[in-house]
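The structure appears right after this line, and notes come after that.
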Amino acid sequence: MSLHVESQGSGAPLVMLHGWGMHGGIWGNVVPQLAQRFRVHCVDLPGHGYSKGKGEWGREKGNPPGREGRAAGAGWASPFPLPSSPFSLDTIVSALAAQFDEPLNVCGWSLGGQIALHWAAREPQKIKRLVLVASTPCFVERDDWLFGLAHGILRQFAAELEKNHAATLRRFLALQVRGSEGERELLASLRARLFSRGEPHLDALRGGLEILRHADLRAALPVIRQPVLVMAGERDKLTPPEASSYTAQALPNARMEEIAGAAHAPFLSHPQIFVEHITSFLHERI
């Protein structure tokens with residue numbers, strides 16, 4: 492299995508990590524806007540998009556590019572041998588760490604935000620700044636955590652995944668945009684992008700749900716000392732703003748921006764505001 496990354500722009504590196512069941516093409520038109528100021532790397536996580544199967548190189552043909560290809564090409568993949576199982580925070584971070592060899596800014600959405608947090612805690616010297624978008628340190632409810640999804644909902648998703656994973660992913664998209672401004676148009680846009688790079692591997696989908704079900708990163712937050720921008724959608728039903736507020740308060744060096752009218756995908760519903768927040772944050776002096 493190889494890790495596919497598409498890169499564009501120049502400047503400080505910015506790695507974009509997508510959410511469960513998606514791929515690096517999900518970010519929409521915020522990427523070309525960000526690429527005017529940053530070197531943007533959109534990753535397909537293991538088992539998603541073009542990161543499926545050893546030796547596949549996305550749309551590129553021929554030999555995989557070397558470092559000079561990384562700087563100039565739009566698509567490239569790592570020869571790092573990714574395990575098919577388990578799909579865990581550690582194996583994903585190991586794959587990402589092998590892919591990039593310079594200090595990075597990282598933007599993670601939803602599950603991608605949990606991956607970004609784990610990466611920052613495990614390799615603090617590698618991560619300069621973090622942007623967490625509609626993410627949470629703990630996705631499901633617990634006795635001491637009321638800002639998560641009910642366990643029953645996630646169990647239902649897991650059961651439906653085994654019967655019809657494509658239909659389950661489409662249902663998940665509907666939850667992501669519920670209540671957002673422009674909900675109908677957003678849902679149509681997400682559905683059009685969902686399988687544009689093929690369907691994700693079922694094992695990767697199962698593993699992603701296991702991360703969402705079991706990961707609790709609250710204890711790690713106080714040790715993550717990098718500057719962090721926490722972005723939340725005011726109307727997010729999956730990762731409510733209260734979870735983002737908790738995250739921003741628990742991190743030593745963080746601030747929160749809540750986007751009015753947005754749900755779980757503010758980069759699609761409010762792209763200009765999203766880009767402005769990231770650009771301003773990454774250009775601040777430390």
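Adding 491 to a residue's 1-based position in the sequence shown gives its number in the numbering used here.
Don't be surprised by glycine CBs; every beta carbon is placed ideally from N, CA and C.
Remember, it's a predicted structure, so these values are computed and weren't measured experimentally.
* Do you know whose CA, among Arg530, Ala679 and Thr738, lies nearest Leu664's CA? -> Counted from its first residue, the sequence shown places residue 664 at position 173. With distances taken between Cα atoms, Leu664 lies closest to Ala679.
* Asked: By a C-beta neighbour count over all protein chains shown, 10 Å radius and 16 as the cutoff for buried, is Leu637 buried or exposed?
  -> Translated into positions along the sequence shown, residue 637 becomes position 146. Leu637 comes out exposed.
* Exposure label - Asp581; buried when at least 16 CB within 10 Å -> The residue labelled residue 581 in the question sits at position 90 within the sequence shown. Around the beta-carbon of Asp581, fewer than 16 other beta-carbon atoms lie within 10 Å, marking it exposed.
* If we ignore side chains and look at the alpha-carbon of each, how far apart do Gln667 and Met747 end up? -> Looking up residue 667 in the sequence shown gives position 176. Looking up residue 747 in the sequence shown gives position 256. Each residue's Cα considered, the two are about 20 Å apart.
* Length at least 4, wholly inside the region 624 to 712: the alpha helix (DSSP H) runs in chain order -> You should have 642 to 654, 656 to 668, 674 to 685 and 693 to 705.
* Looking at C-alpha atoms only, which residue of Phe591, Arg528 and Ile715 is the closest neighbour of Leu608? -> Along the sequence shown, one-based indexing puts residue 608 at 117. Measuring from the Cα of Leu608, the nearest candidate turns out to be Ile715.
* Asked: Should Ser498 go down as buried or exposed, given a rule of 16 or more other Cβ atoms within 10 Å for buried?
  -> Walking along the sequence shown from the start, residue 498 turns up at place 7. Buried is the call here.
* To do: Would you check if the region 699 to 715 and the region 638 to 656 touch, i.e. whether three or more CB-CB distances between them fall below 8 Å?
  => They touch, by the three-pair rule.
* Could you spell out where the alpha helix (DSSP H) holding Ile750 opens and where it closes? => The sequence position of residue 750 within the sequence shown is 259, counting from 1. Going by DSSP, Ile750 is part of no alpha helix (DSSP H) but of the beta strand (DSSP E) stretching over Ala745 to Ile750.
* Asked: For Pro732, does the three-state DSSP call read helix, strand or coil?
  -> The residue you call residue 732 lines up with position 241 of the sequence shown. In the structure shown, Pro732 sits in a helix (DSSP, three-state: H, G or I).
* **Where Ala695 falls, given that 16 or more other Cβ within 10 Å makes a residue buried** => Taking the sequence shown and counting its residues from 1, one reaches residue 695 at position 204. Counting every other CB atom within 10 Å of its CB across the protein chains shown gives Ala695 a total of 16 or more, marking it as buried.
* Asked: Comparing alpha-carbon positions, which option in His656, Ile750, Ala589 and Val531 lies nearest Val597?
  -> Position 106 of the sequence shown holds residue 597. Looking at the Cα atoms, Val531 is the closest of the given residues.
* To do: Given a cut-off of 9 Å, decide if Thr730 and His761 are closer than it, judged by their beta-carbon atoms.
  => The count along the sequence shown starts at 1 and reaches residue 761 at position 270. The count along the sequence shown starts at 1 and reaches residue 730 at position 239. Contact flag unset, no.
* State the DSSP-derived secondary structure class of Gly516, mapped to helix, strand or coil. => In the sequence shown, counting from the first residue as 1, residue 516 sits at position 25. Here Gly516 sits in helix by DSSP.
* To do: Taking Ala657 as the reference, give the member of Trp511, Gly502 and Gly724 with the closest Cα.
  => Against the sequence shown, residue 657 aligns to sequence position 166. Cα-wise, what sits closest to Ala657 is Trp511.
* To do: Going by CA-CA distance only, name the one from Gly724, Glu690, Arg726 and Ala741 that's closest to Arg709.
  => Here residue 709 refers to the residue found at position 218 when the sequence shown is read from its first residue. Scanning Gly724, Glu690, Arg726 and Ala741 for the CA closest to the CA of Arg709 turns up Ala741.
* What is the rounded straight-line gap between the Cα of Met507 and the Cα of Pro594? -> Taking the sequence shown and counting its residues from 1, the one referred to as residue 507 is at position 16. Taking the sequence shown and counting its residues from 1, the one referred to as residue 594 is at position 103. Between Met507 and Pro594, the C-alpha separation is close to 14 Å.
* Option in Phe591, Ser542 and Phe758 with minimal Cα separation from Gly599 -> Counted from its first residue, the sequence shown places residue 599 at position 108. Checked all of Phe591, Ser542 and Phe758; the closest Cα to Gly599 is Phe758.
* Asked: If you drop the 5 nearest sequence neighbours on each side, which residues of the same chain put their C-beta closer than 8 Å to that of Leu712?
  -> Translated into positions along the sequence shown, residue 712 becomes position 221. Contacts found: Leu608, Pro628, Thr738, Ala741 and Leu742.
* Rounded to a whole number of angstroms, what is the C-alpha to C-alpha distance between Val631 and Arg661? -> For the purposes of this step, residue 631 is taken as residue 140 along the sequence shown, with counting starting at 1. For the purposes of this step, residue 661 is taken as residue 170 along the sequence shown, with counting starting at 1. The C-alpha of Arg661 is placed about 20 Å away from the C-alpha of Val631.
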